[in-house]
Amino acid sequence: EPEVTQTPSHQVTQMGQEVILRCVPISNHLYFYWYRQILGQKVEFLVSFYNNEISEKSEIFDDQFSVERPDGSNFTLKIRSTKLEDSAMYFCASSSGGSRRVFHEQYFGPGTRLTVT
Amino acid sequence: GNSVTQMEGPVTLSEEAFLTINCTYTATGYPSLFWYVQYPGEGLQLLLKATKADDKGSNKGFEATYRKETTSFHLEKGSVQVSDSAVYFCALSDRTDSWGKLQFGSGTQVVVTP
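Those protein sequence lines, which keep their order, are chains L and S.
So that you can map any letter, position 84 of the first sequence is 84 in my numbering, and since no number is skipped, the others follow by simple counting.
Remember, my numbering sits 1000 above the position in the second sequence when you count from 1.
This is how it looks when you write it as structure tokens:
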């Protein structure tokens, strides 16, 4: 069964450093998402991406964050200068559709745990 | 804005017990409602969904009914198994103001003992 994969499973970085979290969505999916979960808190939406551009983003997704689909398979989340409060589990998801009218199931990866020290 | 509230865990049960996890929501539009499950070391998996009022979602013995009058979507299972031990997330997607983003509750850990 196709699945979303994420690497690395755990990333430790120092405050101020750049990190790139990688995701390989399901191959025929067109819509991509990043969510995060700070320990003990809710899973929060960060950004959605379609047709090589951001379709929606949350207030969390400020100028320090960026997303990219550099080739036909990877979908990356970059944090330019990490802060302590960026420590969280980051989940990637993909779906075959993302319209306002019809629900398309989002398939999630296992997550990357980011620890900023 | 929209939000989802679910009961805190952990919920500890014996095998074959009845499970209920409460979930209530606030939404300005016409949300679809979901339950996701996360098994240890894995990603979130869609367990069931309901897209309009009075719909009942069901899967793997779990059920939840979309109650607009009480703004609730409680998850139930009549007889749990050890393999049901996981974290369960209630979520909504408001089709009137988003392109598919999911808004989650805080998750409820369920522990089923033999």
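Backbone N, C-alpha and C define an ideal beta-carbon position, used for all residues, glycine too.
Because the structure is a prediction, the values reported are computed rather than measured.
Check each candidate in the options and name the one with the smallest Cα separation from residue i.
i	options	result
Leu84(L)	Thr115(L), Glu59(L) and Ser73(L)	Thr115(L)
Ala1086(S)	Tyr1039(S), Phe1018(S), Asn1059(S) and Glu1069(S)	Tyr1039(S)
Phe65(L)	Val12(L), Ser73(L), Gln17(L) and Glu3(L)	Gln17(L)
Glu59(L)	Arg69(L), Lys78(L), Phe45(L) and Asn74(L)	Phe45(L)
Ser48(L)	Pro8(L), Gly72(L) and Phe91(L)	Phe91(L)
Asn51(L)	Thr5(L), Gly109(L) and Gly72(L)	Gly72(L)
Tyr1036(S)	Leu1048(S), Tyr1030(S), Glu1042(S) and Tyr1025(S)	Leu1048(S)
Gln1109(S)	Gln1006(S), Val1011(S) and Gly1001(S)	Val1011(S)
Ile54(L)	Ala1064(S), Asp1084(S), Ser1093(S) and Lys1101(S)	Lys1101(S)
Thr5(L)	Phe32(L), Gly97(L) and Asp86(L)	Phe32(L)
Leu39(L)	Asp86(L), Val12(L), Ser81(L) and Arg69(L)	Asp86(L)
Gly111(L)	Phe1034(S), Tyr1030(S), Gly1043(S) and Ala1017(S)	Gly1043(S)
Gly1078(S)	Thr1071(S), Ser1072(S) and Ala1064(S)	Ala1064(S)
Asp1054(S)	Gly1001(S), Thr1071(S) and Asp1094(S)	Thr1071(S)
Arg69(L)	Phe61(L), Arg22(L) and Ser96(L)	Arg22(L)
Arg1095(S)	Thr1024(S), Leu1013(S), Ser1032(S) and Asn1002(S)	Ser1032(S)
Alpha carbon to alpha carbon, how far is residue i from residue j?
i	j	result
Lys1056(S)	Asp63(L)	41 Å
Val1117(S)	Val1082(S)	Limits of chain S in this structure are 1001 at one end and 1114 at the other, which puts residue 1117(S) out of reach.
Lys1052(S)	Tyr1066(S)	7 Å
His1074(S)	Phe1089(S)	11 Å
Leu7(L)	Glu1069(S)	Here the sequence assigns Thr to residue 7(L), which means Leu is not the residue at that position. Taking the straight line from one Cα to the other gives about 43 Å.
Thr76(L)	Val67(L)	5 Å
Asn1059(S)	Glu1076(S)	11 Å
Ala1091(S)	Gly1061(S)	19 Å
Ala1027(S)	Val1080(S)	31 Å
Glu3(L)	Gly109(L)	7 Å
Gln57(L)	Leu1019(S)	At residue 57(L) the sequence reads Lys, which differs from the Gln that was named. Approximately 35 Å, taken between the alpha carbons.
Met1007(S)	Glu1015(S)	20 Å
Arg113(L)	Pro1114(S)	31 Å
Val1112(S)	Asn1022(S)	17 Å
Check the C-beta distance from residue i over to residue j and give it rounded, since I have them as a contact under 8 Å.
i	j	result
Gln41(L)	Ser1106(S)	7 Å
Gln37(L)	Ala88(L)	6 Å
Glu43(L)	Tyr35(L)	Here the sequence assigns Val to residue 43(L), which means Glu is not the residue at that position. Confirmed, about 5 Å.
His29(L)	Ser94(L)	4 Å
Val19(L)	Ile79(L)	5 Å
For residue i, write down the residues that DSSP places opposite it in a beta bridge.
i	result
Arg1095(S)	Per DSSP, none; premise fails for Arg1095(S).
Gln1109(S)	Val1087(S)
Lys83(L)	Answer by DSSP bridge pairing: none, since Lys83(L) is not bridged.
Pro1031(S)	Asp1094(S)
Gln1006(S)	Cys1023(S)
Arg113(L)	His10(L) and Met89(L)
Leu1013(S)	Val1112(S)
Lys1056(S)	Thr1065(S)
Contact list for the segment 1043-1075 of chain S against chain L, Cβ threshold 9 Å: Gly1043, Leu1044, Gln1045, Leu1046, Lys1049 and Thr1051
Along the segment 53-78 of chain L, what residues have a CB closer than 9 Å to any CB found in chain S? Ser55, Glu56 and Ser58
Interface positions of the segment 38-53 of chain L facing chain S (Cβ-Cβ less than 7 Å), listed along the chain: Gln41, Lys42, Val43, Phe45 and Ser48
What residues in the segment 1082-1096 of chain S bring their beta carbon closer than 9 Å to a beta carbon of chain L? Phe1089, Ala1091, Ser1093, Arg1095 and Thr1096
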